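Here's the structure, in structure tokens; my notes come after.
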Amino acid sequence: SQTIHQWPATLVQPVGSPLSLECTVEGTSNPNLYWYRQAAGRGLQLLFYSVGIGQISSEVPQNLSASRPQDRQFILSSKKLLLSDSGFYLCAWSVGGRGYTFGSGTRLTVV
Amino acid sequence: AQKVTQAQTEISVVEKEDVTLDCVYETRDTTYYLFWYKQPPSGELVFLIRRNSFDEQNEISGRYSWNFQKSTSSFNFTITASQVVDSAVYFCALSERGGYNKLIFGAGTRLAVHP
Numbered sequence: 003s004q005t006i007h008q009w010p011a012t013l014v015q016p017v018g019s020p021l022s023l024e025c026t027v028e029g030t031s032n033p034n035l036y037w038y039r040q041a042a043g044r045g046l047q048l049l050f051y052s053v054g055i056g057q058i059s060s061e062v063p064q065n066l067s068a069s070r071p072q073d074r075q076f077i078l079s080s081k082k083l084l085l086s087d088s089g090f091y092l093c094a095w096s097v098g099g100r101g102y103t104f105g106s107g108t109r110l111t112v113v
Numbered sequence: 439a440q441k442v443t444q445a446q447t448e449i450s451v452v453e454k455e456d457v458t459l460d461c462v463y464e465t466r467d468t469t470y471y472l473f474w475y476k477q478p479p480s481g482e483l484v485f486l487i488r489r490n491s492f493d494e495q496n497e498i499s500g501r502y503s504w505n506f507q508k509s510t511s512s513f514n515f516t517i518t519a520s521q522v523v524d525s526a527v528y529f530c531a532l533s534e535r536g537g538y539n540k541l542i543f544g545a546g547t548r549l550a551v552h553p
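So the sequence lines, in the order shown, correspond to chains F and U.
Residue numbers for the first sequence follow this note's numbering, beginning at 3 and rising by one.
Residue numbers for the second sequence follow this note's numbering, beginning at 439 and rising by one.
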């Protein structure tokens, strides 16, 4: 079956610390992968998407970066977190754009 | 560029009232998909419906119904006889076939159903 794993579920990090959020997909090959962020009380903003290994497109300039070292692994990183990086981060995958599967999300609080 | 507008930020209704959530989209692609998702307080996204651009048939699923009108670029969502469990944030979203299938969301509508 097709599943998506995202961890950790919650994270509290100090300002200036690094970040690494990981997302892995099972049961599909060559998916499109996406990272979204939802600030408190706001909508879902697309941060990055990837159509293949090593191919990353950024939607908005920011303090974050993404990597796709393997076909079904998508990593969101930061070298130094800012307060404004706090939010709910969701990973998703799609094949063909007809349907999307979302992870359970990571709630990040930068203090 | 693709864009989704949900003009209603918050809606408050009393249980058993009908409520319609509006969604207007913009796209230059002729092939696209429209979605509605529900986000309860726990945060996960719950898929409700997908519509492709060639299927303008309205759909009903229990108390939920969707009205897709290409002429006005709208994809509205109606909950009939609302219940407290319907309280959540609802997102409308659009993906274009020609846009790497990026799923772009509207800002969401927070629905509060009171007993």
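Where a beta carbon is used, it is the ideal one built from N, C-alpha and C, also for glycine.
Please read all numbers here as calculations on a predicted model, not as lab measurements.
Residues of the stretch 515–542 of chain U with a Cβ closer than 9 Å to any Cβ of chain F, in chain order: V527, F529, A531, S533, E534, R535, G537, Y538, N539, K540, L541 and I542. Counting only the Cα atoms, U:R488 lies some 12 Å from U:N505.
The stretch 96–103 of chain F makes no contact with the stretch 67–79 of chain F: fewer than 3 CB pairs, one atom from each, lie closer than 8 Å.
Distance from F:R74 to F:T26 at the Cβ level is roughly 6 Å; contact confirmed, criterion being Cβ atoms closer than 8 Å. Taking a beta-carbon distance threshold of 8 Å, U:G546 counts as an interface residue toward chain F. Scanning U:T447, U:S511, U:G536 and U:D456 for the CA closest to the CA of U:H552 turns up U:D456. In terms of beta-carbon proximity, F:S96 lines the interface with chain U, with at least one pair separated by less than 8 Å. One Cα belongs to U:P479, the other to U:E534, and the distance between them is close to 29 Å. Under the DSSP assignment, U:K476 falls in the beta strand (DSSP E) whose first and last residues are Y470 to Q477. Taking the beta carbon of F:S106 as reference, the chain U residues within 7 Å of it are E482, listed in sequence order. Straight across, the Cα-Cα distance linking U:Y471 with F:L84 is about 35 Å. Of the residues U:E464, U:Q440, U:Q477 and U:S503, the one whose Cα lies closest to the Cα of U:V523 is U:Q477. Residue nearest to F:W9 within the set F:L48, F:N32 and F:L23 is F:L23 (criterion: CA-CA distance). Beta-bridge partners of U:S533 (DSSP): U:Y471 and U:L541. Contact of U:Y502 with chain F is not assigned, every C-beta pair being separated by 8 Å or more. Looking at U:A550, U:Q444 and U:F543, the one whose alpha-carbon comes closest to that of U:L459 is U:Q444. Within chain F, the residues placing a beta-carbon under 8 Å from that of U:R488 are R100 and G101, ordered along the chain.
F:L92 has a beta carbon lying within less than 8 Å of a beta carbon in chain U. Using a Cβ-Cβ cut-off of 8 Å, F:L46 counts as an interface residue toward chain U, since at least one Cβ of chain U sits closer than that to its own.
At the C-beta level, U:L541 and U:I449 stay beyond 8 Å of one another. Sorting F:A11, F:S106, F:G89 and F:I6 by C-alpha distance to the C-alpha of F:V113 places F:G89 at the top.
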